[in-house]
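In this note's numbering, the protein residues as written are 44 to 295.
Single-structure report; data block below.
Okay, structure coming up:
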């Protein structure tokens, strides 16, 4: 058996389970940190419940992913998760799922590890969304999860500061309604509504055109051109205003 015959034989076992995303379906990559509780608590000793250094490393990672060879329209991050919305017409790697998941997980892991100077890893999956409305619902879902997690985190660490052990603090938070959680924080001098927006809503990144000042040596005149630049939004709007932002970013 020569090489060509052997190659043809073995390629079947490598590619027979390949799955591809059908055209005319939105793709969103969901990228999550692996064992980040240990990383942030035991290795890096980040401030609780939020640390700006961690946020900045995640934002830097999303920015890298927006510009690493995939046509990404929007990136969103909260806690240790990232969501990337691809162009509607994206056909990179023939829309093969194994390519997207392996490359994006690797790019995120490598960039984030360099950003914090510690080994870190991410996993990746692709959500397939057949309608624009499901795209809006997906990102509003992630923002609602951000809000819920932020409220729970502040309550948990407030109770820990009152000398409750981890299990007792977790159990007590789980029994409280949203109103009771807000009241708990208020009693300890924290108005949840006054907290910075990125902690409660996450951070959004997207491309937009900006003016760039230049100079034409032939005419000896200043010039203005437009260049694409990644915008980092730390104060994302909510509800229908968030949907309107997403609507403007879609490229159907």
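Glycine is no exception: its CB is placed at the ideal position from the N, C-alpha and C atoms.
Minimum C-alpha distance to residue i - residue among the options
i, options, result
"residue 187", "106, 219, 240, 72", "240"
"residue 198", "92, 252, 274", "92"
"residue 165", "171, 238, 144", "144"
"residue 176", "74, 94, 55, 293", "293"
"residue 87", "222, 98, 161", "161"
"residue 141", "274, 58, 291, 253", "58"
"residue 253", "267, 262, 261, 263", "267"
"residue 104", "273, 202, 178, 179", "273"
"residue 115", "210, 72, 257", "72"
"residue 295", "126, 173, 79, 89", "173"
"residue 64", "155, 45, 85, 171", "171"
"residue 135", "85, 147, 126", "147"
"residue 108", "280, 231, 167, 260", "167"
"residue 149", "76, 209, 282, 217", "76"
"residue 290", "159, 238, 128, 237", "128"
"residue 132", "53, 285, 54, 68", "68"
Backbone secondary structure at residue i - three-state DSSP
i, result
"residue 274", "strand"
"residue 251", "strand"
"residue 234", "coil"
"residue 48", "helix"
"residue 60", "coil"
"residue 117", "strand"
"residue 242", "helix"
"residue 269", "strand"
"residue 256", "strand"
"residue 65", "coil"
"residue 147", "helix"
"residue 293", "coil"
Residue i to residue j span [Cα, whole Å]
i, j, result
"residue 277", "residue 112", "25 Å"
"residue 181", "residue 130", "15 Å"
"residue 66", "residue 138", "8 Å"
"residue 102", "residue 219", "32 Å"
"residue 97", "residue 62", "34 Å"
"residue 269", "residue 123", "33 Å"
"residue 169", "residue 70", "6 Å"
"residue 222", "residue 287", "29 Å"
"residue 205", "residue 227", "12 Å"
"residue 48", "residue 178", "45 Å"
"residue 89", "residue 230", "25 Å"
"residue 257", "residue 263", "11 Å"
"residue 271", "residue 50", "43 Å"
"residue 282", "residue 238", "18 Å"
"residue 259", "residue 250", "26 Å"
heavy atom of the ligand NAD below 6 Å from residue i C-beta
i, result
"residue 54", "No copy of the ligand NAD appears in this structure; indeed no ligand is present at all."
Handout entry: Validate contact between the stretch 240 to 257 and the stretch 113 to 120 using beta carbons, cut 8 Å, 3 pairs
Key = Verdict: yes, contact present.
Handout entry: beta strand (DSSP E) runs contained entirely in the stretch 167 to 221, provided each spans 3 or more residues
Key = The DSSP assignment places no complete run of the beta strand (DSSP E) inside the stretch 167 to 221 (cut-off: 3 residues).
Practice task
List in chain order: all unbroken alpha helix (DSSP H) runs of 4+ residues lying wholly within the stretch 67 to 115.
Solution key: Complete alpha helix (DSSP H) runs here, min 4: 95 to 109.
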